[in-house]
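There are 2 protein chains.
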Amino acid sequence: MIITTPGQAQGVIGILRGEGDTQTLKIFIGGEKRMNFYERFDHILHHTNSLLCVGLDTVVEKIPPSLRHEDDPLFAFNRAIIDATLPYAAAYKVNTAFYEAHGHAGWRALEATFRYLPADVLKIADAKRGDIGNTSQMYAKSLFSVLNADAVTVNPLMGTDSVAPFLEDETKGVFFLCLTSNAGAQDFQYFSDGTRTLYECIAEKVLTWNERHNCGLVVGATHPQQLQRIRAIAPSLPLLVPGIGAQGGDLEKSVQFGIDENGRGAIYNSSRAIIYASGGEDFQQAAALSAKQTRDALNAAKMIK
Amino acid sequence: MIITTPGQAQGVIGILRGEGDTQTLKIFIGGEKRMNFYERFDHILHHTNSLLCVGLDTVVEKIPPSLRHEDDPLFAFNRAIIDATLPYAAAYKVNTAFYEAHGHAGWRALEATFRYLPADVLKIADAKRGDIGNTSQMYAKSLFSVLNADAVTVNPLMGTDSVAPFLEDETKGVFFLCLTSNAGAQDFQYFSDGTRTLYECIAEKVLTWNERHNCGLVVGATHPQQLQRIRAIAPSLPLLVPGIGAQGGDLEKSVQFGIDENGRGAIYNSSRAIIYASGGEDFQQAAALSAKQTRDALNAAKMIK
Chain A
1 MIITTPGQAQ GVIGILRGEG DTQTLKIFIG GEKRMNFYER FDHILHHTNS
51 LLCVGLDTVV EKIPPSLRHE DDPLFAFNRA IIDATLPYAA AYKVNTAFYE
101 AHGHAGWRAL EATFRYLPAD VLKIADAKRG DIGNTSQMYA KSLFSVLNAD
151 AVTVNPLMGT DSVAPFLEDE TKGVFFLCLT SNAGAQDFQY FSDGTRTLYE
201 CIAEKVLTWN ERHNCGLVVG ATHPQQLQRI RAIAPSLPLL VPGIGAQGGD
251 LEKSVQFGID ENGRGAIYNS SRAIIYASGG EDFQQAAALS AKQTRDALNA
301 AKMIK
Chain B
306 MIITTPGQAQ GVIGILRGEG DTQTLKIFIG GEKRMNFYER FDHILHHTNS
356 LLCVGLDTVV EKIPPSLRHE DDPLFAFNRA IIDATLPYAA AYKVNTAFYE
406 AHGHAGWRAL EATFRYLPAD VLKIADAKRG DIGNTSQMYA KSLFSVLNAD
456 AVTVNPLMGT DSVAPFLEDE TKGVFFLCLT SNAGAQDFQY FSDGTRTLYE
506 CIAEKVLTWN ERHNCGLVVG ATHPQQLQRI RAIAPSLPLL VPGIGAQGGD
556 LEKSVQFGID ENGRGAIYNS SRAIIYASGG EDFQQAAALS AKQTRDALNA
606 AKMIK
């Protein structure tokens with residue numbers, strides 16, 4: 001149910017959602033100032049009582065046989081996973097690579113998935129883009145306007161002018177790659193000038209890009225000590241933390257070091273461990289169970305702090 | 306005319322092409338070893354007698370009015386530009402951002418453009434991708450198998466495992482971002498450990514990734530002195546040099562410092578200065594003239610060396 005006056009929909013002030021109850025009450029107040037990305041991020045984490053981001057890294061070969069003959073099996077699977085995991089998720093992260101592997105048909109599935117995601121979760125396009133200014137402008141249009149993502153991941157290597165187009169709208173967020181979850185993070189991200197590493201340099205630079213309160217960082221759960229260091233540099237930047245599922249990162253430590261004093265400020269992504277929890281026809285139940293367990297483990301880790 | 310025996314098409318050994326004469330003679334010899342990317346790159350530069358890469362950064366607003374009502378105006382424009390500039394080009398670089406800005410319809414135009422590009426020029430997908438291993442595998446599939454690009458640009462920030470999937474096929478090339486043409490290159494690419502900068506560290510690392518002779522570097526023409534330094538580190542890696550057109554890079558110096566002893570080894574990209582040489586109905590003639598002048602300027606710069 002949406003109570004609104006046309007032209008006045010400005011900010012969601014209340015979302016009620018319980019486990020097993022995906023009904024939503026939204027009340028829009030006309031004339032309110034638009035939430036910036038930080039406010040929206042915090043609001044969603046508060047009202048979903050979850051730090052879980054579900055990663056939709058969908059590959060055809062892992063979709064249960066009954067869905068493979070659908071017109072758009074990628075979207076059919078995503079829809080089923082979203083329906084099953086929505087009570088437990090604060091955010092969904094859709095990695096563009098898995099869709100581009102199917103060319104324009106994959107892009108259609110990507111668009112359909114973003115259209116299907118409800119407004120009360122954070123919709124993240126994990127695209128890791130970045131190019132010179134006039135080109136990044138096109139990527140920002142693709143991800144924020146065509147897909148209508150709430151946030152994107154951006155590779156900062158090309159510097160200030162390459163990221164500026166992603167930061168123009170204060171309601172849209174950008175998570176910059178800072179210290180990634182993979183082994184190759186060692187190659188360049190730890191490169192040091194003797195006093196600080198490149199990943200620290202990135203965190204410091206992102207703070208200067210944060211004029212509209214819409215910057216965040218990607219920090220892998222596979223580096224909990226460095227996550228603590230990054231939190232010291234950037235105490236209030238929202239974090240997107242991949243690597244807690246199949247990649248084997250440290251869930252407890254990365255929650256303890258990542259969250260703010262309210263127990264929010266960071267989301268933790270799991271993809272394969274949730275969406276492929278079962279390859280059989282019970283995949284929805286298995287995904288729901290895995291999502292619930294992961295949300296509960298994340299919330300339990302908050303208590304240890 | 307193609308002379309070949311089915312199943313034996315292994316390597317183009319001869320391409321004849323003159324200015325204003327886009328006919329091609331290809332002779333395939335059965336049983337020949339497949340050319341690796343370096344051999345193919347060198348072969349194409351030799352036989353086209355050109356160092357010019359034409360960048361297809363196509364935006365609808367700049368397409369001449371007569372093409373805007375075509376079913377697929379992006380592709381219609383690209384086809385016309387390719388037809389006009391083919392006598393002068395060694396390579397075409399298609400930047401994915403400009404197509405993704407139109408969602409799945411843009412991806413259709415991207416696919417059509419790659420299908421239309423002839424086999425005797427280098428087809429580069431400028432996508433600047435890079436992600437953890439299993440995800441980069443999907444991007445490699447998208448760019449090399451779906452688009453059938455001969456080469457791609459890759460952002461190396463995430464390190465070895467993130468780039469490995471792009472390097473599996475020795476016939477396909479990867480140009481790694483090393484020192485980009487934009488102002489923001491200063492932010493991180495010049496970060497130094499006291500003895501070397503990040504861009505030098507990247508060039509050194511790429512040499513270790515080059516087991517299959519299919520690695521290259523992206524070095525902007527806006528940094529000619531640094532290009533010379535990079536050439537000292539990596540004397541034989543193919544270079545993709547953007548920034549000689551609208552971005553105002555130094556064409557002469559970047560040719561002198563970039564080419565090898567045979568006057569090859571590097572290609573120079575111009576996008577806007579060629580494809581938008583005229584916004585009127587004479588756009589094909591203007592693009593052809595601009596491409597010819599740029600090719601000639603590049604070849605003239607070789608002579609100064």
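Line by line, the protein sequences give chains A and B.
Sequential numbering from 1 applies to the first sequence in my numbering.
Sequential numbering from 306 applies to the second sequence in my numbering.
Even for Gly, the Cβ is constructed at its ideal location relative to N, Cα and C.
Because the structure is a prediction, the values reported are computed rather than measured.
Expressed to the nearest angstrom, what Euclidean distance is found between the alpha-carbon atoms of residue 531 of chain B and residue 292 of chain A?
Taking the second sequence and counting its residues from 1, the one referred to as residue 531 of chain B is at position 226. Taking the first sequence and counting its residues from 1, the one referred to as residue 292 of chain A is at position 292. Whole-angstrom Cα-Cα distance: 53 angstroms.
Are the CB atoms of residue 238 of chain A and residue 38 of chain A within a distance shorter than 9 angstroms?
Your numbering for residue 38 of chain A matches position 38 in the first sequence. Your numbering for residue 238 of chain A matches position 238 in the first sequence. Cβ distance < 9 angstroms, so residue 38 of chain A and residue 238 of chain A count as in contact.
Between the Cα of residue 560 of chain B and those of B/547, B/552 and B/551, spot the shortest distance and give me the residue it belongs to.
As a position in the second sequence, residue 560 of chain B is number 255, starting the count at 1. Selected option, being the one with the closest Cα: B/547.
Using C-beta distances below 7 angstroms, list every residue in its chain close to residue 263 of chain A, excluding the 5 sequence neighbours before and after it, in chain order.
As a position in the first sequence, residue 263 of chain A is number 263, starting the count at 1. Only 302 meet the Cβ criterion.
Just reading off the beta strand (DSSP E) that residue 397 of chain B is part of, what are its end residues?
Looking up residue 397 of chain B in the second sequence gives position 92. Residue 397 of chain B -> beta strand (DSSP E) spans 396-400.
In chain B, what lies closer than 9 angstroms to residue 385 of chain A by C-beta?
Residue 385 of chain A lies beyond the stretch modelled for chain A, which goes from 1 to 305, so this question has no answer here.
Taking the C-alpha atoms as reference points, what is the distance between residue 455 of chain B and residue 488 of chain B?
Looking up residue 455 of chain B in the second sequence gives position 150. Looking up residue 488 of chain B in the second sequence gives position 183. So the two alpha carbons sit approximately 29 angstroms from each other.
Which residues in chain B have a C-beta closer than 9 angstroms to the C-beta of residue 47 of chain A? List them in chain order.
Working through the first sequence from its first residue, we reach residue 47 of chain A at position 47. What residue 47 of chain A touches in chain B: nothing, since even the nearest Cβ is about 30 angstroms away.
Does the beta-carbon distance from residue 44 of chain A to residue 117 of chain A come in below 9 angstroms?
Against the first sequence, residue 44 of chain A aligns to sequence position 44. Against the first sequence, residue 117 of chain A aligns to sequence position 117. No. Outside cutoff.
What residues are listed by DSSP as bridge partners for residue 123 of chain A?
For the purposes of this step, residue 123 of chain A is identified with residue 123 of the first sequence, where counting begins at 1. A/92, per the DSSP bridge assignment.
Starting from the N-terminal side, write out each stretch of the alpha helix (DSSP H) that is 4 residues or longer and does not extend beyond the segment 462-527 of chain B.
Qualifying alpha helix (DSSP H) stretches, in chain order: 465-468, 490-493 and 503-513.
Please check the pair residue 176 of chain A and residue 154 of chain A, which I expect to be a contact at CB under 8 angstroms, by giving their CB distance rounded to whole angstroms.
Working through the first sequence from its first residue, we reach residue 176 of chain A at position 176. Working through the first sequence from its first residue, we reach residue 154 of chain A at position 154. At roughly 5 angstroms, the Cβ-Cβ gap stays under 8 angstroms, so residue 176 of chain A and residue 154 of chain A are in contact.
Roughly how many angstroms lie between the CA atoms of residue 381 of chain B and residue 372 of chain B, to the nearest whole one?
As a first step, residue 381 of chain B must be located in the second sequence, where it is residue number 76. As a first step, residue 372 of chain B must be located in the second sequence, where it is residue number 67. In a straight line, the C-alpha of residue 381 of chain B is about 7 angstroms away from that of residue 372 of chain B.
To the nearest angstrom, report how far apart residue 86 of chain A and residue 203 of chain A are at their CA atoms.
As a working mapping, residue 86 of chain A is identified with position 86 in the first sequence. As a working mapping, residue 203 of chain A is identified with position 203 in the first sequence. Distance between the alpha carbons of residue 86 of chain A and residue 203 of chain A is about 31 angstroms.
Does the distance from the C-beta atom of residue 101 of chain A to that of residue 443 of chain B stay below 9 angstroms?
Your numbering for residue 101 of chain A matches position 101 in the first sequence. Your numbering for residue 443 of chain B matches position 138 in the second sequence. In contact: residue 101 of chain A and residue 443 of chain B (Cβ atoms closer than 9 angstroms).
Within 10 angstroms of the Cβ of residue 513 of chain B, are there 16 or more other Cβ atoms? Answer buried if so, exposed if not.
To locate residue 513 of chain B, count along the second sequence from 1; it is residue 208. Label assigned to residue 513 of chain B: exposed.
Can you tell me whether residue 264 of chain A is helix, strand or coil according to DSSP?
Mapped onto the first sequence, residue 264 of chain A falls at position 264. If DSSP states are grouped into helix, strand and coil, residue 264 of chain A belongs with coil.
Where residue 98 of chain A and residue 108 of chain A are concerned, what is the direct C-alpha to C-alpha distance, given to the nearest angstrom?
If you number the first sequence from 1, residue 98 of chain A lands on position 98. If you number the first sequence from 1, residue 108 of chain A lands on position 108. Computed Cα separation, rounded: 12 angstroms.
Measuring only the C-alpha atoms, how far is residue 103 of chain A from residue 127 of chain A?
Mapped onto the first sequence, residue 103 of chain A falls at position 103. Mapped onto the first sequence, residue 127 of chain A falls at position 127. Each residue's Cα considered, the two are about 15 angstroms apart.
Could you tell me the boundaries of the beta strand (DSSP E) in which residue 151 of chain A lies?
In the first sequence, residue 151 of chain A corresponds to position 151, counting from 1. Start and end: 151-154.
Note down, in chain order, every chain B residue with its Cβ under 8 angstroms from the Cβ of residue 53 of chain A.
Your numbering for residue 53 of chain A matches position 53 in the first sequence. What residue 53 of chain A touches in chain B: nothing, since even the nearest Cβ is about 15 angstroms away.
Output, in chain order, the set of chain A residues within a Cβ distance shorter than 8 angstroms of residue 561 of chain B.
Locating residue 561 of chain B in the second sequence gives position 256, counting from the first residue. Correct list: empty, because the minimum Cβ distance to chain A is about 24 angstroms.
Closest Cβ-Cβ distance between residue 186 of chain A and chain B: below 9 angstroms?
For the purposes of this step, residue 186 of chain A is taken as the residue at position 186 of the first sequence. Yes, because at least one Cβ of chain B sits closer than 9 angstroms to the Cβ of residue 186 of chain A.
Taking 9 angstroms as the cut-off, decide whether the C-beta atoms of residue 515 of chain B and residue 359 of chain B are in contact.
Taking the second sequence and counting its residues from 1, one reaches residue 515 of chain B at position 210. Taking the second sequence and counting its residues from 1, one reaches residue 359 of chain B at position 54. Taking 9 angstroms as the Cβ cut-off, residue 515 of chain B and residue 359 of chain B do not qualify as a contacting pair.
Along the chain, where does the alpha helix (DSSP H) that runs through residue 556 of chain B open and close?
Walking along the second sequence from the start, residue 556 of chain B turns up at place 251. Unbroken alpha helix (DSSP H) run through residue 556 of chain B: 556-563.
Hey, is residue 383 of chain B's beta-carbon within less than 9 angstroms of any beta-carbon in chain A?
Taking the second sequence and counting its residues from 1, the one referred to as residue 383 of chain B is at position 78. By this cut-off, residue 383 of chain B is not an interface position.
For a contact meaning CB atoms closer than 7 angstroms, what does residue 199 of chain A contact in chain B?
Looking up residue 199 of chain A in the first sequence gives position 199. Within chain B, no residue comes near residue 199 of chain A; the closest Cβ sits about 10 angstroms away, beyond 7 angstroms.
Given a cut-off of 9 angstroms on the beta-carbon distance, is the pair residue 167 of chain A and residue 215 of chain A in contact?
In the first sequence, residue 167 of chain A corresponds to position 167, counting from 1. In the first sequence, residue 215 of chain A corresponds to position 215, counting from 1. It is a contact, given that the beta carbons lie within the stated cut-off.
Between residue 440 of chain B and chain A, is the shortest Cβ-Cβ distance under 9 angstroms, so that the two count as touching?
As a position in the second sequence, residue 440 of chain B is number 135, starting the count at 1. Yes - at least one Cβ of chain A is within 9 angstroms of the one on residue 440 of chain B.
Output yes if chain B places a C-beta closer than 9 angstroms to the C-beta of residue 116 of chain A; else output no.
Translated into positions along the first sequence, residue 116 of chain A becomes position 116. With 9 angstroms as the cut-off, residue 116 of chain A does not count as an interface residue toward chain B.
Between the Cα of residue 579 of chain B and those of B/354, B/394, B/370 and B/545, spot the shortest distance and give me the residue it belongs to.
Stepping through the second sequence from its first residue, residue 579 of chain B is reached at position 274. The residue with the shortest Cα to Cα distance from residue 579 of chain B is B/394.
Would you kindly work out how many angstroms separate the C-alpha atoms of residue 485 of chain B and residue 163 of chain A, rounded to a whole number?
Start at 1 with the first residue of the second sequence, and residue 485 of chain B comes out as number 180. Start at 1 with the first residue of the first sequence, and residue 163 of chain A comes out as number 163. In a straight line, the C-alpha of residue 485 of chain B is about 14 angstroms away from that of residue 163 of chain A.
Would you identify the three-state DSSP class for residue 338 of chain B, choosing helix, strand or coil?
Here residue 338 of chain B is taken as the residue at index 33 of the second sequence, counted from 1. Residue state, collapsed to three classes: coil.
Note down the Cα distance separating residue 82 of chain A from residue 170 of chain A, rounded to an integer number of angstroms.
As a first step, residue 82 of chain A is located in the first sequence; it is residue number 82 there, counting from the start. As a first step, residue 170 of chain A is located in the first sequence; it is residue number 170 there, counting from the start. Roughly 27 angstroms between the two C-alpha positions.
Whose CA, out of B/505, B/502 and B/367, lies closest to the CA of residue 584 of chain B?
Counting from one through the second sequence, the residue named residue 584 of chain B turns up at place 279. Cα-wise, what sits closest to residue 584 of chain B is B/367.
Kindly indicate which three-state DSSP category residue 408 of chain B falls into: helix, strand or coil?
Reading the second sequence from its first residue, position 103 is the one you call residue 408 of chain B. Reduced to three states, the DSSP call for residue 408 of chain B is helix.
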